[in-house]
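Residue numbers (mature numbering (1 follows the signal peptide of the UniProt record, and there is no 0)): -19 to -1, 1 to 387.
Here it is, written out as structure tokens:
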């Protein structure tokens, strides 16, 4: 009997709990302790879309030992549905996104809809605003970064300042990203340029290529260093080749001894090439001088400037190669002797010297002709000079004229 009494008391104490549990059904509640029924509503005594509270809708804690006199009073049902809340949230999110993307001040108020719509609107607007603001910040950051990168590179190449002023027409996010990337790009381009200059200097010094360790780790810097090393090296090699070619040309023209013992092996062949070119030029010039001297002298005459055996040889070669001078010497006197008027073959008009040689010898012939003419007149007048004497005298005079040096 005692055991039955105890069991009865336990049932009485736990009954309210089971009743509360039985009246509850699945679903998350809002801050007011209620929610809108979506599934199995008829099972729990509600209509689909009906807003209701759980456990009387009170958020206050109850006594661990409820009094039999306490009775739960159901809260009044809301005057809006979940659909109102959802519609408000959608509208608020759209407008909030636009305001956030435009960087407008927040405006959570709306005069449209019931209480549920307004609650949804506020929540949706807040979420949309944050999303739009985040989007424009990201876009401005990307745009500022992209333009800053190219602008920094161009500014360095043009020799402009690294310091820049913010663009008042742009957002803080854009300016911040632009400045950061501009400085980064400017400094990067400067380092690349410095690497190239260092490479050029090393190459120009003709030292063997060796990339510094701090540049070898960066492929871009390494590439710039090696590229400009080659440019500097090739430039110096060309300059040295030109220099040694001129030195060799000078020494060859002067017929100096080859001076290659102290030369860099890389430029010995260039020096020798210049030497041979200079020597050949001297030979050509000397032969030309000898050729011209044949128009001036009846016989070869050495000059004091030809103090080298090869110069004498080349000068004589040039003198002997002047066939025109030989022809002039053989024909000019006879032409002057036989012609009453001045004539000169076209092939003898080579230069002033050839013409002068021809004129001189032609004039000698003219003088001889005049002498003979005079003798004929005297003979005709009966002076009595033997014809044989005139002929012999004329022959000897002509021979003397031909042998005379111009």
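From the three backbone atoms N, C-alpha and C, an ideal C-beta is built for every residue, glycine too. All values derive from a computational prediction rather than experimental measurement.
Within the model, the alpha-carbon separation for residue 243 versus residue 141 is close to 47 Å. By the Cβ neighbour-count rule, residue 121 is buried, with 16 or more other Cβ atoms within 10 Å of its own. Less than 9 Å divides the Cβ of residue 118 from the Cβ of residue 152. Cβ neighbours of residue 79 within its own chain (closer than 7 Å, five residues either side excluded): 113. Within its own chain, the residues whose Cβ lies closer than 7 Å to the Cβ of residue 257, once the five positions on either side in sequence are excluded, are 233, listed in chain order. Setting aside the 5 residues that flank it on each side, residue 338 is surrounded in the same chain by 276, 277, 306, 309, 310, 313, 387, each with a C-beta closer than 8 Å to its C-beta; the list follows chain order. For residue 228, the enclosing alpha helix (DSSP H) stretches over residues 200 to 234. One alpha carbon belongs to residue 110, the other to residue 77, and they sit about 4 Å apart. By the CB criterion at 9 Å, residue 193 and residue 205 fall outside the cutoff. When 108, 321, 272, 60 are compared, the shortest CA-CA separation from residue 353 is found for 321. Taking residue 104 as reference, the option from 249, 186, 74, 261 with the minimal CA-CA separation is 74. DSSP places residue 115 within a helical segment (H, G or I) once states are collapsed to three.
Between the region 86 to 101 and the region 130 to 141 there are fewer than three inter-stretch CB-CB distances shorter than 8 Å, so the stretches are not counted as touching. Nearest Cα to residue 165 within the set 349, 215, 102, 134: 134.
According to the DSSP assignment, residue 272 belongs to the alpha helix (DSSP H) that extends over 249 to 274. Listed in chain order, the non-local C-beta contacts of residue 293 below 7 Å within the same chain comprise 283, 287, local neighbours out to five positions each way being set aside. Selection 157, 60, 361 evaluated against residue 97 yields 60 as nearest (Cα-Cα).
Out of 299, 289, 254, the CA that lies nearest to the CA of residue 271 is found in 299. In this structure residue 156 is in contact with residue 148, their Cβ atoms being roughly 6 Å apart against a cut-off of 8 Å. Going by DSSP, residue 67 is part of the alpha helix (DSSP H) stretching over 63 to 82. CA-CA distance, residue 327 to residue 279, rounds to 21 Å.
Residue state for residue 174 is assigned as helix, using DSSP reduced to three classes. Secondary structure at residue 289: coil, using DSSP grouped into helix, strand and coil. Judged by their CB atoms, residue 139 and residue 177 are not nearer to each other than the 9 Å cut-off. Assignment of residue 238 by DSSP, reduced to helix, strand and coil, places it in the coil class. When DSSP states are grouped into helix, strand and coil, residue 315 belongs to the helix group. Between the beta-carbon of residue 184 and that of residue 210 there is about 4 Å, and that keeps the pair under the 8 Å contact cut. In the structure shown, residue 93 adopts coil according to DSSP, grouped into three states. A direct Cα-Cα distance of roughly 14 Å separates residue 266 from residue 230. Excluding the 5 residues flanking it on each side, residue 335 has same chain C-beta neighbours closer than 8 Å at 276, 305, 306, 309, 329, in chain order. Rounded to whole angstroms, residue 238 and residue 297 show a C-alpha spacing of 23 Å. Under the three-state reduction of DSSP, residue 180 is assigned to helix.
Going by beta carbons, residue 191 and residue 213 fall outside the 9 Å limit.
In this structure residue 333 is exposed. Its beta-carbon is surrounded by fewer than 16 other beta-carbon atoms within 10 angstroms. In terms of Cα proximity to residue 218, the closest of 248, 189, 291 is 248.
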